[in-house]
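Student: If you read the protein sequences in the order shown, they are chains L and W. According to the working numbering, the first sequence is numbered sequentially starting from -10. According to the working numbering, the second sequence is numbered sequentially starting from 59. Built from N, CA and C at the ideal position, the CB exists for glycine as well. In this text, all values refer to a predicted model and were calculated from it rather than measured experimentally.
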Amino acid sequence: MSAIDVHGLVKRFGDKTVVDNVSMQVAPGEIVGFLGPNGSGKTTTIRIMCGLLTPDAGSGRVLGYDLLTEGLKIKREVGYMTQKFSFYEDLTIAENLDFVARLYRLKPVATHVADTLADLGMTSRRNQLAGTLSGGWKQRLALAACIMHQPKLLLLDEPTAGVDPKARREFWDEIHRLARDGLTVLVSTHYMDEAERCHRIAYISYGRMLTTGSVADVVANAGLVTYIVSGPGLAGIAAALESRDGVEQVAPFGATLHVVGSDRQKLEAALSDIAARDGVAVAPGETSLEDVFIQFMAGSKDNMA
Amino acid sequence: MNRFFSLGRLGALLVKEFIQMRRDRVTFAMMLGVPLMQLLLFGYAINTDPKSLPAALVATGNDHYTRAIVSALQTTNYYRFDHVADSATEAERLMARGAVSFVVTIPSDFARRVDRGEAPQILIEADATDPSASSGAVSTLSTLAARALDHERGVAPGARGGPALDVVVHRRYNPEGISQYNIVPGLLGVILQMTMVMMTSIALTREIERGTMENLLAMPASPAEIMLGKVLPYLVVGGVQVAVVLVTAKLLFSVPFVGSLPLLLGAILIFVLALVLLGYTISTIARTQMQALQLAFFFFLPSILVSGFMFPYRGMPGWAQLFGEILPLTHFLRVVRAVMLKGADLAAIGTEIAWLIGFVVFFSVLALLRFRRTLD
């Protein structure tokens, strides 16, 4: 049984179709990264899956429960972490956890709260107001509260936005630990390094699912060719290359320039005279996930809400 | 260009304010709607010298003197005899219930005394819980009744045609006409109305504005649980307010309390429940806390004006009285005044209690129907 198995989801707000015929299958224990530009429909799709929005069309099952009719059962077994911190800032850490434990009717409440506090390493700060926590700690608290009832599916909506690299690293370690224990995770993100830590990624743009697969698959399927240019006068080279036929992306990376195109011959032709310049080296490079996404984003119309 | 004041900068601020004002439709509607409503309500509904007050007649004799006096009272427009009571006890009940504002008793020996040339007596009992409402009717009474009797006896006005009519006036429940007796119990209702509705009207909008609603909805709490969880704490707050107002009414204003305390507390409980549910219903309609407070205020204003708190209910035209009936405060004011000042029992205030229960049911059903389990 798939943890998520939805087909043809459609959601419209007014005359704007925010989610357009999205289908998705996620196996139990899988960590799936959900990527796409701002306003592409990631949050809306996640909200449909946890029963916060009713789809205008489409159907499916989440954890084996019907998306349209068994919303309450889904809510009991799904943990949803919102993009913005949505616990009570005027309650202490312990009071927030206590509230969640009671809503899910976890018994005994005190033990669940104490265990969660201990796991978080927050036992000594239990009486601190949640609103006074830093971004990283708020995120840890939110995650802990979301998994307190031991959900089978975790939906995370840009969980690491505004969190420092160390906290992000720890967050992802935790996600992988949970997935090892059988938890399924769907996580939306803008960070490429996070996408690469997922078992599989799904890319959505303009409300449409453009591609899905492992990072290697997605990069390979994109069929992009990348050359790395290094040497003096890179700014001038970049300006010169941008208008040339066969060059689809020119992006500076430190002391090098990544030049990306989908047609190898045209790209090599465009680069031939650059390679001949004095001191300039042109070497084949690996296409990165980011290159692929920039390509996707350029290919679909902007859908900023 | 001045460092401290530039018309250009002021212009930018003004344009921004007007754009924001225009975007917030509810506020805009309030700014136009509230003055208009005030004007119409104040202008047409409020009358501090009410006419056509319901009255009961207790008259065992059916002679022409009695009829003359009754018709004379009726032509003043102050009285409307729509109850004829067979006994003083029945009339008493009518007044305790608030069905009539006056009881006019014409004794059975009235005609005999007139014919014999003795001083005839009539008894007018006025419900003086609201002293201002009955004062006009009482003050015109003696002269009119006497004139009607003289006319009936065939005596020219002003001439001495026998012993004068003795009109005995009883101001019931509040013989000294102390207006605090009317205002203070009423204030209990007004204070509860203001605080309870306001506090609960932001119940959901606060969750939405703080972003906690999304999380709350994602967790397994049912709409009924959320509703009760939101409104029940305010029953406790209301309870504290009730205790403060009742004790103050007794200690500082010496308002009499002749009825049953448990009955009053029971009625208050139902009233407060209706109020918090009304507030919660508002919070399912409003989109922001600001809108919620405006809607609560929008409800508060007519509650004060047409409920009978500030101005005599009977003084208002029919449409305004009908409008008053759909406000919980109207019914509560009748209950609190009847129980505290008149010692009314459950049977006497049964209709008003039924109304209040009706509001509780109506607002809870409306709120549950309005509540959205989703963010759609």
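1) Determine the burial state of residue 293 of chain L: buried for a count of at least 16 other Cβ atoms within 10 Å of its Cβ, exposed for fewer.
2) Are the Cβ atoms of residue 73 of chain W and residue 111 of chain W separated by less than 9 Å?
3) Helix, strand or coil for residue 112 of chain W? Go by DSSP, reduced to three states.
4) Work out the CA separation of residue 373 of chain W and residue 102 of chain W for me, nearest whole Å.
5) With a threshold of 9 Å between beta carbons, is residue 262 of chain W in contact with chain L?
6) Near residue 241 of chain L, what residues of its chain come up, given a Cβ to Cβ distance below 7 Å and the 5 sequence neighbours on each side ignored?
7) Using Cβ-Cβ distances below 7 Å, what residues of the region 270 to 288 of chain W are close to chain L?
8) Decide if residue 194 of chain L is buried, meaning its Cβ has at least 16 other Cβ atoms within 10 Å, or exposed.
9) Which of the three DSSP states, helix, strand or coil, is assigned to residue 355 of chain W?
10) For residue 238 of chain W, which residues from the same chain have a beta carbon less than 7 Å from its beta carbon, with the 5 sequence-adjacent residues on both sides left out?
11) Return the chain-ordered ranges of every beta strand (DSSP E) run that is complete within the region 177 to 256 of chain L and spans a minimum of 3 residues.
12) To the nearest angstrom, how far is the alpha carbon of residue 92 of chain L from that of residue 258 of chain W?
13) How many Å lie between residue 198 of chain W and residue 371 of chain W at the Cα?
14) Go ahead and pull the three-state DSSP assignment for residue 120 of chain L.
15) Residue 38 of chain L by DSSP, collapsed to three states: which one?
16) Of all the CB atoms in chain L, is at least one closer than 9 Å to the CB of residue 433 of chain W?
17) Taking DSSP as the reference, what is the three-state secondary structure of residue 370 of chain W?
18) On the CB-based measure, 16 or more other CB atoms within 10 Å of its CB, does residue 377 of chain W come out buried or exposed?
19) Going by DSSP in three states, residue 401 of chain W sits in which element: helix, strand or coil?
20) Restricting to Cα atoms, I'd like to know which of W/385, W/338 and W/133 is closest to residue 424 of chain W.
21) Since residue 3 of chain L contacts residue 183 of chain L with CB under 8 Å, what's their CB separation in whole angstroms?
22) Give me the Cα-Cα distance between residue 420 of chain W and residue 396 of chain W, rounded to the nearest whole angstrom.
23) For residue 410 of chain W and residue 390 of chain W, I'd like the C-alpha separation in whole angstroms.
24) Cβ of residue 268 of chain W less than 9 Å from any chain L Cβ?
25) So, using beta-carbon positions, are residue 132 of chain L and residue 82 of chain L closer together than 9 Å?
26) What separation, rounded to the nearest whole angstrom, lies between the Cα atoms of residue 334 of chain W and residue 292 of chain W?
27) Would you say the region 210 to 219 of chain L touches the region 16 to 34 of chain L, given that touching needs at least three Cβ pairs under 8 Å?
28) Note down, in chain order, each residue of its chain lying with its Cβ closer than 8 Å to the Cβ of residue 291 of chain L, except the 5 sequence neighbours on either side.
29) Chain W partners of residue 39 of chain L, CB-CB under 8 Å?
30) Span of the alpha helix (DSSP H) holding residue 287 of chain W?
31) Which whole runs of the beta strand (DSSP E) in the region 142 to 229 of chain W are 3 residues long or more, in chain order?
32) To the nearest angstrom, how far is it from the Cα of residue 153 of chain W to the Cα of residue 192 of chain W?
33) Out of curiosity, what's the CA-to-CA distance linking residue 233 of chain L and residue 262 of chain L?
34) Can you say whether residue 276 of chain L is buried or exposed, counting buried as having 16 or more other CB atoms within 10 angstroms of its CB?
35) Exposed or buried, what is residue 93 of chain W when buried is set at 16 or more other beta-carbons lying within 10 Å of its beta-carbon?
36) Select from the region 58 to 80 of chain L all residues with a C-beta closer than 8 Å to any C-beta belonging to chain W, and list them in chain order.
Tutor: On the basis of the coordinates in this document:
1) Caution applies to residue 293 of chain L, whose pLDDT of 41 falls short of 50 and renders its modelled position unreliable; the value that the coordinates give is listed next. Exposed: under 16 other Cβ atoms inside 10 Å.
2) No, these two residues do not count as a Cβ contact at 9 Å.
3) In the structure shown, residue 112 of chain W sits in a strand (DSSP, three-state: E or B).
4) The C-alpha of residue 102 of chain W lies about 11 Å from the C-alpha of residue 373 of chain W.
5) Taking Cβ atoms only, chain L never reaches closer than 9 Å to residue 262 of chain W, which makes this a no.
6) Scanning its chain for C-beta atoms nearer than 7 Å, with the 5 sequence neighbours on each side dropped, one finds around residue 241 of chain L the residues 223 and 227, in chain order.
7) Within the region 270 to 288 of chain W, the qualifying residues are 270, 272, 273, 275, 276, 277, 278 and 279.
8) Under this definition residue 194 of chain L is a buried residue.
9) If DSSP states are grouped into helix, strand and coil, residue 355 of chain W belongs with the helices.
10) Only 311 and 313 meet the Cβ criterion.
11) Taking only runs of at least 3 residues, the beta strand (DSSP E) segments lying wholly in the region 177 to 256 of chain L are 189 to 194, 197 to 202, 214 to 219, 238 to 242 and 245 to 250.
12) Looking at the backbone, the Cα of residue 92 of chain L and that of residue 258 of chain W are separated by about 21 Å.
13) Residue 198 of chain W and residue 371 of chain W have their C-alpha atoms spaced approximately 20 Å apart.
14) Annotated three-state conformation of residue 120 of chain L is helix, per DSSP.
15) Residue state, collapsed to three classes: helix.
16) Yes, contact with chain L.
17) Coil.
18) So residue 377 of chain W counts as exposed.
19) Residue state, collapsed to three classes: coil.
20) Residue W/338 is the option with its Cα nearest to residue 424 of chain W.
21) Residue 3 of chain L to residue 183 of chain L, Cβ: 32 Å. No contact.
22) Those two C-alpha atoms are separated by around 25 Å.
23) Looking at the two C-alpha atoms, the distance is approximately 7 Å.
24) Yes, residue 268 of chain W counts as interfacial toward chain L.
25) Not in contact: residue 132 of chain L and residue 82 of chain L (Cβ atoms no closer than 9 Å).
26) Roughly 7 Å separates the two Cα atoms.
27) No, because fewer than three Cβ pairs between the region 210 to 219 of chain L and the region 16 to 34 of chain L fall closer than 8 Å, the two stretches do not touch.
28) Legend: pLDDT at residue 291 of chain L = 44, less than 50; position of this residue unreliable, no value from coordinates given.
29) Those are 276, listed as they occur along chain W.
30) From DSSP, the alpha helix (DSSP H) with residue 287 of chain W extends over 281 to 309.
31) Entirely contained in the region 142 to 229 of chain W, the beta strand (DSSP E) runs reaching 3 residues are, in chain order, 160 to 164 and 179 to 185.
32) CA-to-CA, the gap between residue 153 of chain W and residue 192 of chain W works out to about 13 Å.
33) Cα to Cα, the separation comes out at about 12 Å.
34) The residue in question, residue 276 of chain L, is buried, as its Cβ has 16 or more Cβ neighbours within 10 Å.
35) By the neighbour-count rule (16 or more Cβ atoms within 10 Å), residue 93 of chain W is not buried but exposed.
36) Per Cβ criterion, the list reads 60, 61, 64, 65, 67, 69, 71, 73, 74, 75, 76, 77 and 78.
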